[in-house]
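Visitor: This is the structure I want to talk about, given as structure tokens.
Residue numbers (this note's numbering), protein chains in the order written: chain F, 1337 to 1839; chain Z, 1337 to 1839.
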């Protein structure tokens, strides 16, 4: 059918066109079907239908398709029914609980990356994968497909180290310590990190306070080759790009399927050339993993997939029941990390975790004897070599190497919440803590966050500070204070949780 | 956050706005989250994010939200983060295999109807319902929710009859016979029908050749009260409107979950005031139900739900292995149906099915003794009362009551496909038959379709006509002929299915 093209300058993430319902009827297509659209070029596009927006005889064309066709308003375009990509039938297969083959998973992932699937089709895939899970073969195949459909890096020397935390615990800034320590010890560590989605700050958000973090895969290789390591934002690299699109569906459904988590982490590490890694699995009531059994199972799954990919993986099950260190959010976390590198001072929970993970990596990387890794990591920091390396990394990424823990900016709108009574701090509620940080402006406002004065088990007197909220904006500070009083972040022994009074 | 409004005149089926990624970051929201949008009015809208289309500081507003806000270009609008509707957590519950309550299902269905759910959320619900199914309670609750969230009709006199076919067999035009017979016998039958989605023509498509079919629920009541019956398009009535939105997700995934099928059919019948119905379950290789066990199970499920809703339901498991009658598609089917009403002549498969279903209904409706229904149905047709009633129905719907089987138009582009050899017709492939009808133009082109000359079991000589293709347009006829030769519709004994030659 011949139709006149009409642009709709909206991004939809795929080739998509709008047909009047009369024309759709005439063509025998429905919303969600595909059509072939031809002028000098030919593309396949998803159909939307309308009774109102686009008149009969006209073809509404969204931005991506318009650009691909290099279309001109009112030009005559040929539209023909087309069939669905075969990956849609593979998604149906997964919905019917059948195991997918390597080729089928590759087709699904490739079509996700290329924007050939509609939101309905992608969601059906993610939902079915969430419900049925995937077996070890499928996870391996999906991982390889995610690697292949994006950019890849390889290094001439080995080992190439990496570490990853599955997240879910606030204040987990250890990457800012681990990467400099490992690189200072002479190993390569091309670290890609994520930004916070629901948290107070991902490693990429933190590093961005010190230097740019958006680089191509090629840049990652160059910088790592030059100074031994880097800390960049994975989202900018086009490494395993399927992941972002899949997260775009998981996030609104608040799901995080294990199969997808494992494939996503390992694909990113594999694609960046890493062959040796330590996985941090924080375990605790409010973290992603609640029990030791679950944590061990997840560790085994990661190690098994590592075997299949010829990567050495070791896992550290860590305490995720309360924040790592005392600083949560942007500048506060960077300050805490830099203080450790400068003076080997700081909260035990943060220092010990950084040293422990670094020690495992130094041993796996073959630069330290078994059992000597932590000692070596400590020496690398105490000698100032880790700090020097961190400044090299900051510099190679385009940041200012003269930065110190003193010069890192934090919010100048500050309020300290005081203890209502004497007693021991018995509980810190991670989720509420993060919620208040976000209300204060994190991760967007780099100065926003919380500094904890009293941690679990510490004694506090009435009127002592429990924690301090930092914000860049007065109104966000006010909102955060209110939220922290309405929904307390900490439980001090003897505190009344809620008053129920008979009036 | 204060932002300047900018209209995007596209229908998206819900309140939706576009934020620049920088503003989304500042607000702490992601694509798929909700925001509260306020000017003089306040609405909750779904967030889309962009790096390019909408600049920072501006809020792109799609048509539905723009109209609800009565917004003015560039006016300053307040945007605040908002929480997701609680139905999203109920969808999550279903994804986790938990049974939903009546209230939860009602909230989900109401949010579907009101456009409060995103495509991701709706698809997750449909996919999880497909995978886990629903128990009898859930199906009842969903049915009641679908009824409540749309228009309803009730009649002062009872019984109110109805019938429904779950479809999947071509040429099933019996509604055009059943409705006049039942109404002529003095019973009420407010029949809502669907249009073809993947078929060659639904009852609404067929009736539309004779009269308008788009009416409100109130009109359905008026017309039925006046002449005893009507045949309208359900999609225009706002009866159980959730169904269309759910089908919008099922169609692109090629799924038809049983729970959804049952709830959808029964909700439509219940909402139109029917209390007594016959369900036609065509069974056969290429129909929706392949085995008698499956058919019986489905029949029981319908009857059980009928009990819960205080509706009397009987089921007819019918032969779905080959077309009903000889005519498939638009005008050809209408001609066949009218010929039966005019002269009680036509293909046995069509006449017998019409009389059998009508007979069951006459008995259930209490106007015929048990065992005498078919005889009565036959008399109603032979006496000319059914034809007279059909013309009244056509007239009350605004059509021309002088129409006859002779005057119904069919396509004037015609080609007959001949048998390549002598033998018995052993197979008619329903799906290919429908595909060729659609290529010829059905259901959009009302004259398009196929008339079968030889049915299963009939003997044919080489050169005899097997079937005739009708079309309104020459190029569609050509395409249909080609398709029917490439992928034969019939198998004549001894025919070579495919030649594989060594060259």
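Quick reminder that beta carbons are idealized off the backbone N, C-alpha and C, glycines included.
Taking the alpha carbon of residue 1458/F as the point to measure from, which residue in 1481/F, 1506/F, 1468/F, 1426/F has its own alpha carbon closest?
Guide: Here residue 1458/F is taken as the residue at index 122 of the first chain, counted from 1. Nearest option by C-alpha distance: 1426/F.
Visitor: Taking just the CA atoms, how far does residue 1530/F sit from residue 1365/F?
Guide: What you label residue 1365/F is simply residue 29 of the first chain in a count that begins at 1. What you label residue 1530/F is simply residue 194 of the first chain in a count that begins at 1. If you draw a straight line from the Cα of residue 1365/F to the Cα of residue 1530/F, it comes to about 41 angstroms.
Visitor: Specify whether the region 1775 to 1791 of chain Z and the region 1657 to 1672 of chain Z touch according to this definition: at least 3 beta carbon pairs, one from each stretch, less than 8 angstroms apart.
Guide: With the cut-off at 8 angstroms, the region 1775 to 1791 of chain Z and the region 1657 to 1672 of chain Z touch.
Visitor: Is residue 1554/Z buried or exposed, if buried means 16 or more other CB atoms sit within 10 Å of its CB?
Guide: The residue given as residue 1554/Z occupies position 218 in the second chain. The residue is exposed, with fewer than 16 neighbouring Cβ atoms inside 10 Å.
Visitor: With distances taken between CB atoms, is the gap from residue 1697/F to residue 1497/F smaller than 8 angstroms?
Guide: Numbered from its first residue, the first chain carries residue 1697/F at position 361. Numbered from its first residue, the first chain carries residue 1497/F at position 161. In contact: residue 1697/F and residue 1497/F (Cβ atoms closer than 8 angstroms).
Visitor: Name the two residues that bound the continuous alpha helix (DSSP H) containing residue 1418/Z.
Guide: Along the second chain, read from residue 1 onward, the residue named residue 1418/Z stands at position 82. Segment 1412 to 1418 is the beta strand (DSSP E) holding residue 1418/Z; no alpha helix (DSSP H) there.
Visitor: Can you tell me which of 1526/Z, 1695/Z, 1625/Z, 1390/Z puts its alpha carbon nearest to the alpha carbon of residue 1843/Z?
Guide: The structure shown does not extend to residue 1843/Z, since chain Z spans only 1337 to 1839, so no value can be given for it.
Visitor: Please go through the region 1420 to 1488 of chain Z and give each complete alpha helix (DSSP H) segment of 4 or more residues, from N-terminal end onward.
Guide: Here the runs fully enclosed are 1423 to 1431, 1438 to 1449, 1455 to 1468, 1472 to 1484.
Visitor: So for residue 1550/F, helix, strand or coil by DSSP?
Guide: On the first chain, residue 1550/F is found 214 positions in, with the first residue counted as 1. In the structure shown, residue 1550/F sits in coil (DSSP, three-state: anything other than H, G, I, E or B).
Visitor: Using the Cα positions of residue 1843/Z and residue 1795/Z, report the straight-line distance between them to the nearest angstrom.
Guide: Past the edges of chain Z, shown from 1337 to 1839, lies residue 1843/Z, and the structure says nothing about it.
Visitor: Does the beta carbon of residue 1279/Z come closer than 8 angstroms to any beta carbon on chain F?
Guide: Residue 1279/Z is absent from the model: chain Z starts at 1337 and stops at 1839.
Visitor: Any C-beta of chain F sitting closer than 8 angstroms to the C-beta of residue 1368/Z?
Guide: The count along the second chain starts at 1 and reaches residue 1368/Z at position 32. Output row for residue 1368/Z: interface = yes.
Visitor: Assuming residue 1639/F contacts residue 1786/F under a Cβ cut-off of 8 angstroms, what Cβ separation, rounded to an integer in Å, is found between them?
Guide: Here residue 1639/F corresponds to residue number 303 of the first chain, with the count starting at 1. Here residue 1786/F corresponds to residue number 450 of the first chain, with the count starting at 1. With 8 angstroms as the limit, residue 1639/F and residue 1786/F do not qualify as a contact, their Cβ atoms being about 35 angstroms apart.
Visitor: Need the endpoints of the beta strand (DSSP E) that residue 1690/Z sits in, please.
Guide: If you number the second chain from 1, residue 1690/Z lands on position 354. First-last for residue 1690/Z: 1684 to 1700, but that is the alpha helix (DSSP H), not the beta strand (DSSP E).
Visitor: Against chain Z, with Cβ distances strictly below 8 angstroms, would residue 1721/F count as a contact?
Guide: Translated into positions along the first chain, residue 1721/F becomes position 385. It does not; no Cβ of chain Z falls within 8 angstroms.
Visitor: Within the same chain, show all residues whose beta-carbon is closer than 6 angstroms to that of residue 1470/F, passing over the 5 residues directly before and after it, in chain order.
Guide: For the purposes of this step, residue 1470/F is identified with residue 134 of the first chain, where counting begins at 1. Closer than 6 angstroms at the Cβ level, and outside the excluded window around residue 1470/F, lie 1595.
Visitor: By DSSP, does residue 1356/Z sit in helix, in strand, or in coil?
Guide: Numbered from its first residue, the second chain carries residue 1356/Z at position 20. Strand.
Visitor: In the DSSP assignment, the alpha helix (DSSP H) including residue 1726/Z goes from what residue to what residue?
Guide: Mapped onto the second chain, residue 1726/Z falls at position 390. Per DSSP, residue 1726/Z belongs to the alpha helix (DSSP H) from 1721 to 1732.
Visitor: Which stretch, first to last residue, makes up the alpha helix (DSSP H) that contains residue 1788/Z?
Guide: The residue you call residue 1788/Z lines up with position 452 of the second chain. That residue, residue 1788/Z, is in no alpha helix (DSSP H); its beta strand (DSSP E) goes 1785 to 1788.
Visitor: Using only the alpha-carbon positions, how far apart do residue 1476/Z and residue 1645/Z sit?
Guide: As a working mapping, residue 1476/Z is identified with position 140 in the second chain. As a working mapping, residue 1645/Z is identified with position 309 in the second chain. Distance between the alpha carbons of residue 1476/Z and residue 1645/Z: 8 angstroms.
Visitor: Counting only Cβ pairs nearer than 7 angstroms, list the residues of chain Z close to residue 1346/F.
Guide: For the purposes of this step, residue 1346/F is taken as the residue at position 10 of the first chain. Close partners of residue 1346/F in chain Z (Cβ separation under 7 angstroms): 1344, 1346, 1389.
Visitor: Drop a sphere of 10 angstroms on the beta-carbon of residue 1749/Z, count the other beta-carbons inside from all chains shown, and report buried for 16 or more, exposed for fewer.
Guide: Position 413 of the second chain, counted from the first residue, corresponds to residue 1749/Z. By the 10 Å Cβ count, residue 1749/Z comes out buried.
Visitor: Determine, using beta-carbon pairs with one atom in the region 1729 to 1743 of chain Z and one in the region 1699 to 1711 of chain Z, whether at least three such pairs fall under 8 angstroms.
Guide: no
Visitor: Less than 8 angstroms between CB atoms is the rule here; does residue 1500/Z satisfy it with respect to chain F?
Guide: Here residue 1500/Z refers to the residue found at position 164 when the second chain is read from its first residue. No - not a single Cβ of chain F is within 8 angstroms of the one on residue 1500/Z.
Visitor: Could you say which of 1735/F, 1821/F, 1738/F, 1723/F lies nearest to residue 1512/F if we only look at CA atoms?
Guide: The sequence position of residue 1512/F within the first chain is 176, counting from 1. Checking every option, the nearest Cα to that of residue 1512/F belongs to 1723/F.
Visitor: Mapping DSSP to helix, strand and coil, what is residue 1776/Z?
Guide: Walking along the second chain from the start, residue 1776/Z turns up at place 440. Reduced to three states, the DSSP call for residue 1776/Z is helix.
Visitor: In chain Z, what lies closer than 7 angstroms to residue 1772/F by C-beta?
Guide: Along the first chain, read from residue 1 onward, the residue named residue 1772/F stands at position 436. Correct list: empty, because the minimum Cβ distance to chain Z is about 12 angstroms.
Visitor: From the DSSP output, read off the bridge partner residues of residue 1817/Z.
Guide: Stepping through the second chain from its first residue, residue 1817/Z is reached at position 481. Answer by DSSP bridge pairing: none, since residue 1817/Z is not bridged.
Visitor: Does residue 1840/F have its Cβ less than 8 angstroms from a Cβ in chain Z?
Guide: Only positions 1337 to 1839 of chain F appear in the structure, and residue 1840/F is not among them; the question remains open.
Visitor: Between the region 1430 to 1463 of chain F and chain Z, which residues of the former have a C-beta closer than 7 angstroms to a C-beta of the latter?
Guide: 1431, 1454, 1455, 1456, 1457, 1459, 1460, 1463
Visitor: I want to see whether chain Z comes within less than 8 angstroms of residue 1760/F, judged by CB atoms only; does it?
Guide: As a position in the first chain, residue 1760/F is number 424, starting the count at 1. Residue 1760/F does not count as touching chain Z.
Visitor: Alpha carbon to alpha carbon, what distance is there between residue 1580/Z and residue 1600/Z?
Guide: Here residue 1600/Z refers to the residue found at position 264 of the second chain. Here residue 1580/Z refers to the residue found at position 244 of the second chain. The straight-line gap from Cα to Cα measures roughly 9 angstroms.
Visitor: Between residue 1668/F and chain Z, is any beta-carbon pair separated by less than 8 angstroms?
Guide: Taking the first chain and counting its residues from 1, one reaches residue 1668/F at position 332. It does not: the Cβ of residue 1668/F has no partner Cβ on chain Z nearer than 8 angstroms.
Visitor: For the beta strand (DSSP E) containing residue 1645/F, name the first residue and the last one.
Guide: Position 309 of the first chain, counting from 1, holds the residue named residue 1645/F. Here residue 1645/F belongs to no beta strand (DSSP E), and DSSP marks it neither H nor E.
Visitor: So, helix, strand or coil for residue 1595/F, using DSSP?
Guide: Walking along the first chain from the start, residue 1595/F turns up at place 259. Three-state result, residue 1595/F: helix.
Visitor: Is any beta-carbon of chain Z found at less than 8 angstroms from that of residue 1361/F?
Guide: Locating residue 1361/F in the first chain gives position 25, counting from the first residue. Chain Z, which has a Cβ nearer than 8 angstroms to the Cβ of residue 1361/F, makes this yes.
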